[in-house]
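Data block below; observations after.
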C-alpha cells in the first residue's frame, strides 16, 4: 500500500491499526584437489570474462598432502546439515552458542557496532568469554556430530578497533602516504597480537581497493589511487597478520587469518557510489583493481571477501566468471571466499534468506547476520533439490576446513587457552603505540608552508583551536568502537592522546604556554595558532559525497579571524580523502594533511615543533598517494589521466628544507553538484524530493507555505527550528484521511542503506497527540509500500519538545516496501486529530533503540 500521486489509496482511507513486527535473526568422497569443481550456475552470468588475460599468482604455501588427507577425512564424515552449517556466518548479536551447536555454524562475526551482550563498552574479558562460549558449542561432540571449531571474524581495519583501549592506527589513506611497506607489516603484526588477546581468529582486513573517485565513502580505506602501492602494501599487511608461508610462524603464535577485500572493483564504481557499478573494461579491472589481490594471494591470504558492488551491471556476488573462473581458477586462490554483509541478497532472484546463485557463483561462506536460520534452511533444501550441486557445497566446505586446519584451530583448544589470550596489557601497550606514532609521523603530508612558519619553537604561546583539536573520536574516523565512529568521547580511549594533548605536552615541557579555544578566541595574542578541523567520522555509503568541496564554513571563519589578527595560522586537516579546500588553504600559512591519524594524536604534535634547542627531530616525509583537486569540479582525478591537472599531484609533499610559496588560489564554486542522497528535508524539501499535502480530493505541492490539502484534511505552516522557518507544522483536522508526503521521480535505490541498518530519521515535535492511528509509510510505486504504526510512539513523546524519531529502513522493507525503488520516502497519514511539527528528515545510523520496529 502507498500514497499515490493522484488519489488516496483505499487502504489509507480505511486506516486500520497496523500490526507489524520485525523478523528476529534468527555423500560421495570429496575431491582432493583445491581447484573448484566444474559446476555451472543455475543462472549463467551476463558479464563474461576472459580468464586468460588475468594474472596467474604463485601459491607461496608448500603442498601438504597430509593436510589434504585430513580435509578429505573430516569432510567425508560430515552430514549434509553439518556441511550447510559451515557455509553460514551469523552475527553475534543474533546467534547464541546453542544456535552454533544446533545448526553446526562455521563462523560468527561482529559487525561495526556489534558487541558481546550488546554492551557498547564490553570489556576485553567479555569478548574472550564469548569466544570461549561459541568455541565450546561448536566442538561439543554430542549426538555424534563432527567437531569443527567455529571461527570468529571481525573488522580490525586500523587496529583492533572494536575494543576499548586498543591501539588504533591511521586509516589506510594515511598509511599510503608513508611509502613504507616494512612499517605496514609491523602494523599488521601489532593488530594480530591485540586481536589474539580477545580470542578472535579472523580479521576482515585489509581493504585492497584502488579508489579512483574520491567521492566514495570508503576512500580512506584505500591506500592509494596507484595500484602498485596497493599491491606492495597488501602483501606486507597479509604477512604481518598471518606470518610468512612456509615458516613455523605462519598462522602461529600471535597471528590471525587475514582477508583481502572487496573482490573486485569496489574502488572504481561510477560516481564513487558505495555498492555501485564498476563500468571499467575487463582490462582496466585486471590492470588496476586486481593489484591488491595479486599481492595478497602471493603472500598466502587465506580469505577473500567479495564486493557488494557490480561489474558492468552484474552483482559480483552472483558473477561466477569473476569469483570462480578468475579468482579461484586463474589466480589460484585456494582459501575461503566469504560474502559481505547480506550482499548475496542483492543478487537478482535472491533474498537475504535464500541465494543459491551466490554459492553457485563461488561464494563459500554467506555473511548473513540476522537471517542466518532461514538461509540455512533454504540452502539445505536447495542442495537436496539439486539447485546447488553437492560438489559445489563440498568444495566450499573443503576450503573452510582447510583454512581452519592451517590456522591450527582444531588443536588450539578454547580461545582463552591460546597464546596471548587474556594478556590484555598488550592492548594499547607502549611498544604498540610507538609503532602507531611512527605511522602518524610518516603519514602526515605538508601541503603548504609559506614563510617557513613550521616548525614552531615549542617555548612560545600557542593557541590551539578547531573542533578536531581535542576529539580523539574525530581523529580516528569511522570503524572506531562503532560502525560509523560516532558517539565516542575521549574517555572511551584510555591511553590515547588527542592532538591538543600532544601539543600541550610539548609546549609546556619547553617552558611555553598552550591554550585550547575551540572557537579560536583569545585574550592574549598567541605567537601562533594551530587549528585542527575536518570531516566528522563516517563509514561506507554514509560517507559518499556528491562533490569534493569541504563545507567547513565555521572552520574557515576561525582561520580568517586569526589571519586578520596577524596570527600565523597552521591548519591540521582531518579527512578521509583529498577535498577542495582552496579557501582554507588561502587562510592558512601552513597546511598539513593529517588524514585520520588514530589514537596517537601526539604523533601529530611531534611533527609541528622543533626540540627546545631548535633541532628538528622529525621532518615531514609523507607524499600524497591521492591527487589533490585544483578545481571543485575535478571529481575523478588520477595520475595518468588524459586531463590530469591537480593542485597537488600524486607524490607531492614538502619537507622543512623546501622553499615553496603557494599563490592565492581561486575559490569559485560555480558548476558544483551539491545534491545529497541522504537528506530529504532541511528547511525545505531537498531536490529531487518535493513536499505535498493530500486528501481524498487530490494533492497540493507544498513548495511554499502555508498550504492546505484540497478538502482541508491537513495543512502546513512554517515553524522555526535551528533557523527561521527551518521546520513545518502539520495540522490534521480529523474526520477524514489526510497525508503529508515527500515524493520524487525517478525512484531512489535504498537497498544498501536498508542492508546497512540505517534508519529513517526526522526531528518531530508533538503539539497535539494523535486521537486516531498514525501511519508512516515508504512507497515504491502503485500498490507497493511498507508502513509502520507511529501512534503509540507519538503519544509517548513529551509534548512541545523536539525529539529525534528514527525507524529502521528494514522495518519498512519487512512491511512490504521494495527498497530498490522508493519514490515516497515519507508519508505521514491519519484520519484523526494531530498536530505534528517536523524538521530535518534524513537517513541516519540506527541506534539500539531502533533494534525493534514500532509496535
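In this note's numbering, the protein residues as written are 13 to 867.
Glycine included, every Cβ here is placed at the ideal spot set by N, Cα and C.
With distances taken between CB atoms, is the gap from residue 162 to residue 112 smaller than 8 Å? Taking 8 Å as the Cβ cut-off, residue 162 and residue 112 qualify as a contacting pair.
Would you mind giving the Cβ-Cβ distance between residue 767 and residue 644, rounded to the nearest angstrom? I have them listed as a contact below 8 Å. Contact doesn't hold; Cβ gap of about 31 Å is too wide.
The ligand SAH and residue 681: does any heavy atom of the ligand fall closer than 7 Å to the residue's C-beta? Questions concerning the ligand SAH fall outside what the structure shown contains, since it holds no ligand whatsoever.
Give me the DSSP bridge partner(s) of residue 853. DSSP output for residue 853 lists 693, 774 as bridge partner(s).
Compare the beta carbon distance of residue 877 and residue 215 with 8 Å and say whether it is the shorter of the two. The requested residue 877 is not part of the displayed model; the chain covers only 13 to 867.
8 Å Cβ cutoff met for residue 172 and residue 203: If you check the CB distance, residue 172 and residue 203 come in under 8 Å.
For residue 102, which option in 91, 89, 116 has the closest C-alpha, if you only look at C-alpha atoms? It is 116.
Tell me, which residues are paired with residue 233 by DSSP? Answer is none; residue 233 lacks a bridge partner.
Ends of the alpha helix (DSSP H) at residue 372? Annotation for residue 372: the continuous alpha helix (DSSP H) segment containing it runs 368-373.
Taking C-alpha atoms, which residue in 866, 114, 139 lies nearest to residue 126? Selected option, being the one with the closest Cα: 139.
Cβ-based neighbour list, residue 524, same chain, cut-off 7 Å, excluding 5 preceding and 5 following: Non-local C-beta neighbours of residue 524 in its own chain, meaning closer than 7 Å and more than five positions away in sequence, comprise 470, 471, 472, 473, 474, ordered along the chain.
Where residue 628 sits in the DSSP three-state scheme: Residue state, collapsed to three classes: coil.
Can you check which of these residues, 84, 807, 199, is closest to residue 451 by C-alpha distance? Measuring from the Cα of residue 451, the nearest candidate turns out to be 199.
With a 10 Å radius around its C-beta and 16 neighbouring C-beta atoms as the bar for buried, classify residue 611 as buried or exposed. Taking all protein chains in view, the Cβ of residue 611 is crowded by 16 or more other Cβ atoms within 10 Å, so the residue is classified as buried.
I need the boundaries of the alpha helix (DSSP H) containing residue 184, first residue and last residue. Unbroken alpha helix (DSSP H) run through residue 184: 184-188.
Could you tell me which of 75, 665, 276, 779 sits nearest to residue 326, measuring between CA atoms? Ranking the options by Cα distance to residue 326, first place goes to 276.
Within the continuous alpha helix (DSSP H) that includes residue 152, where are the two ends? In the DSSP assignment, residue 152 falls outside any alpha helix (DSSP H) and carries neither an H nor an E.
Among 854, 731, 834, the one whose alpha carbon lies nearest that of residue 847: Residue 731 holds the alpha-carbon nearest to the alpha-carbon of residue 847 among 854, 731, 834.
What does residue 599 pair with, by DSSP beta-bridge criteria? Beta-bridge partners assigned by DSSP to residue 599: none are found.
Drop a sphere of 10 angstroms on the beta-carbon of residue 595, count the other beta-carbons inside from all chains shown, and report buried for 16 or more, exposed for fewer. Here residue 595 is buried, its C-beta having at least 16 other C-beta atoms within 10 Å.
Going by the beta-carbon positions, is the gap between residue 585 and residue 533 smaller than 8 Å? No, they are not a contact pair.
Please classify residue 821 as buried or exposed, where buried requires at least 16 neighbouring CB atoms within 10 angstroms. Buried, because 16 or more other Cβ atoms sit within 10 Å of the Cβ of residue 821.
Among 250, 289, 282, 647, the one whose alpha carbon lies nearest that of residue 306: The option with the nearest alpha carbon to residue 306 is 250.
For residue 317, the first and last residue of its enclosing beta strand (DSSP E): Per DSSP, residue 317 belongs to the beta strand (DSSP E) from 315-318.
With DSSP collapsed to three states, give me the class of residue 791. The answer is strand: DSSP assigns residue 791 an E or B state.
Beta-carbon proximity check, residue 717 vs residue 744, cutoff 8 Å: Result no, Cβ atoms of residue 717 and residue 744 do not sit closer than 8 Å.
Give the single residue among 391, 360, 294 whose Cα lies nearest to the Cα of residue 66. Per the Cα distances, 294.
Is it the case that the Cβ atoms of residue 419 and residue 286 are separated by a distance below 8 Å? Going by C-beta atoms, residue 419 is not nearer than 8 Å to residue 286.
Does the Cβ of residue 133 have 16 or more other Cβ atoms within 10 Å, making it buried, or fewer, making it exposed? Counting of Cβ neighbours within 10 angstroms places residue 133 among the exposed residues, the total staying below 16.
Should residue 89 be labelled buried (16 or more other beta-carbon atoms within 10 Å of its own) or exposed? Exposed.
Going by the DSSP bridge assignment, what does residue 269 pair with across the sheet? Residue pairing from DSSP places residue 269 in a beta bridge opposite 214.
Express the C-alpha separation of residue 590 and residue 657 in angstroms, rounding to a whole number. Their backbone Cα atoms lie some 14 Å apart in a straight line.
What residue does the beta strand (DSSP E) around residue 546 start on, and which one ends it? Taken as a continuous stretch (DSSP letters only), the beta strand (DSSP E) holding residue 546 covers 540-546.
Using the Cα positions of residue 68 and residue 499, report the straight-line distance between them to the nearest angstrom. Per the coordinates, the alpha-carbon of residue 68 lies some 45 Å from the alpha-carbon of residue 499.
For residue 98 versus residue 604, is the C-beta distance shorter than 8 Å? By the CB criterion at 8 Å, residue 98 and residue 604 fall outside the cutoff.
Report the rounded CA-to-CA distance for residue 253 versus residue 574, giving the unit in angstroms. Answer to the nearest angstrom: the Cα atoms are 46 Å apart.
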